[in-house]
Amino acid sequence: MAELQPAPSSYSSDEMMTVTAARFLSDGQVCFVGIGLPSEAANLARLSHAPNVVLIYESGTIGTRPDVLPLSIGDGELAEKAEFVVGVPEVFAYWLQAGRIDVGFLSAAQIDRFGNLNSTVVGEYEAPKVRLPGAGGAPEIATSAGEVIVMLRHSVRAFVPSVDFVTSVGFGRGGEGRPEGAGRGPTVVITDLGVLRPDESSNELTLVATHPGVSGEEVRVKTGWDLEVAPDLAVTDPPTDQELEILRDLKTRTEAAHSG
């Protein structure tokens with residue numbers, strides 16, 4: 268990241284998060300993308316440093332290059348701009364489960380210390396406080412992608428000691444590890460405060476970098492467990508002018524397209 272030049276203009280914590288997440292995608296990777304924050308970051312990567320990244324959405328759109336961010340996996344923009352479109356069973360069986368996906372890009376309502384994700388319910392399953400959108404293809408992505416990048420805003424409500432429901436498995440309830448035959452699982456978690464990675468021995472998420480102006484203690488206060496902090500805690504590079512320009516232009520086009 269040393270070659271990046273800091274942007275002199277101001278930027279929001281969400282922009283910092285999106286830019287940081289986009290940087291974790293490499294040119295030429297095949298990426299299975301979730302809607303929302305992951306889609307924003309993945310398309311920023313495609314429009315900047317990774318023009319040859321192959322974006323796949325679970326509706327069956329392969330190699331899509333949308334001009335605006337999709338509202339859902341069924342957004343017509345994805346199909347219109349795709350290299351080709353296949354059936355949902357094919358995208359899961361032939362692409363995901365066959366090991367052709369390098370990176371799964373996910374978000375969730377909750378994540379716990381061992382990288383398990385919850386997008387099903389908050390509270391008891393039989394009588395939840397909140398019923399969330401549900402699993403969709405996230406459990407398969409979490410299990411079958413080569414690795415998983417997770418992206419979500421940092422708060423004690425989102426970063427909990429143990430998720431209320433395991434929608435997508437990370438390293439298990441007790442950090443016991445990945446299911447047999449599964450990919451590497453969540454290799455990095457990017458938030459609006461910093462970057463976390465699983466510890467190699469315990470599989471517990473550890474803070475390895477904070478965004479500019481954010482302290483390690485601030486991240487710990489907004490985490491629902493006693494968060495481990497790396498002794499060599501780094502600071503992420505701020506967005507460049509070019510990254511901000513591309514991201515803001517993408518969001519402006521999206522808002523204009525969806526305003527009617």
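Last residue of the sequence shown: 527 (my numbering), numbering continuous.
Think of the CB as a built atom: it goes at the ideal place given N, C-alpha and C, for glycine as much as any other residue.
Note that this is a predicted model, so its numbers are computed, not measured.
Assign residue i to one of three DSSP states: helix, strand, or coil.
i      : result
Arg420 : coil
Ile408 : helix
Arg464 : strand
Glu512 : helix
Gln272 : Bear in mind that the predicted position of Gln272 carries a pLDDT of just 45, short of 50, making it unreliable; the figure below should be weighed with that in mind. Three-state DSSP puts Gln272 in coil, outside helix and strand.
Glu282 : helix
Thr521 : helix
Arg485 : As written in the sequence, residue 485 is Glu, which differs from the Arg given in the question. Glu485 falls in the helix class under three-state DSSP.
Arg398 : strand
Thr537 : Shown here, the chain extends from 268 to 527; a query on residue 537 therefore has no answer.
Val454 : According to the sequence as given, residue 454 is Thr; it is not Val. Three-state result, Thr454: strand.
Ala288 : helix
Ala425 : coil
Gly371 : strand
Val436 : coil
Pro479 : coil
Thr507 : coil
Ser502 : Correcting the residue type first, residue 502 is Val in the shown sequence and not Ser. Strand.
Val430 : coil
Ala497 : strand
Glu393 : coil
Thr490 : coil
Gln377 : strand
For residue i, count neighbouring Cβ atoms within 10 angstroms of its own Cβ and tell me buried if that reaches 16, exposed if not.
i      : result
Asn564 : As displayed, the chain neither begins before 268 nor continues past 527, which places residue 564 out of reach and without an answer.
Glu282 : buried
Phe426 : buried
Ser374 : buried
Gly450 : buried
Lys396 : exposed
Ser411 : buried
Gly371 : buried
Gly366 : exposed
Ala308 : buried
Val423 : exposed
Asp508 : exposed
Pro479 : exposed
Please return the same chain residues whose Cβ sits closer than 6 Å to the Cβ of residue i, not counting the five positions on each side in sequence.
i      : result
Ser435 : Leu384, Ala405, Pro406, Ala409
Tyr324 : Val300, Ile340, Leu345
Ser482 : none
Gly295 : Asn319
Thr246 : Because the chain in this structure spans residues 268 to 527, residue 246 falls outside the shown range and cannot be described.
Pro337 : Glu344, Leu345
Thr454 : Glu414
Gly327 : Val352, Val353, Gly354, Val355, Val358
Arg487 : Leu494
Ala476 : Gly461, Val462, Ala501, Thr503
Val430 : Gln377, Asp379, Asn383, Asn385
Arg332 : Lys348
Tell me which residues share the same chain as residue i and place their Cβ nearer than 8 Å to its Cβ, disregarding the 5 neighbours each side in the sequence.
i      : result
Leu399 : Ala376, Asn385, Ser386, Thr387, Val388, Val389
Gly441 : Phe381
Gly330 : Val321, Leu322, Ile323, Ala349, Glu350, Phe351
Leu517 : Glu307, Asn310, Leu311, Leu314, Val335, Leu336
To which residues of the same chain is residue i closer than 7 Å at the C-beta, ignoring the five residues directly before and after it?
i      : result
Arg380 : Pro428, Glu471, Leu472, Trp492
Phe438 : Phe381, Gly382, Gly444, Arg445, Gly452, Pro465, Asn470
Val335 : Glu344, Arg520, Thr521, Ala524
Gly528 : Since the displayed the chain opens at 268 and closes at 527, residue 528 lies outside it and no answer follows.
Trp362 : Ile323, Ile368
Pro506 : Ala274, Tyr278, Glu282, Met283, Val286
Would you say residue i touches the ligand ZN, meaning its beta carbon is less than 8 Å from a heavy atom?
i      : result
Asn310 : Absent from the structure shown: the ligand ZN. Ligands present: none.
Would you please verify whether the beta carbon of residue i is less than 9 Å from any beta carbon of chain D?
i      : result
Glu485 : The displayed structure is made up of one protein chain only, and chain D is not part of it.
| Three or more beta-carbon pairs under 8 Å between the region 304-316 and the region 281-291, yes or no? | yes
| Do three or more CB pairs link the region 460-469 to the region 477-494 at distances below 8 Å? | yes
| Mind pulling the beta strand (DSSP E) runs of 3 or more residues that sit fully within the region 298-362? | 321-324
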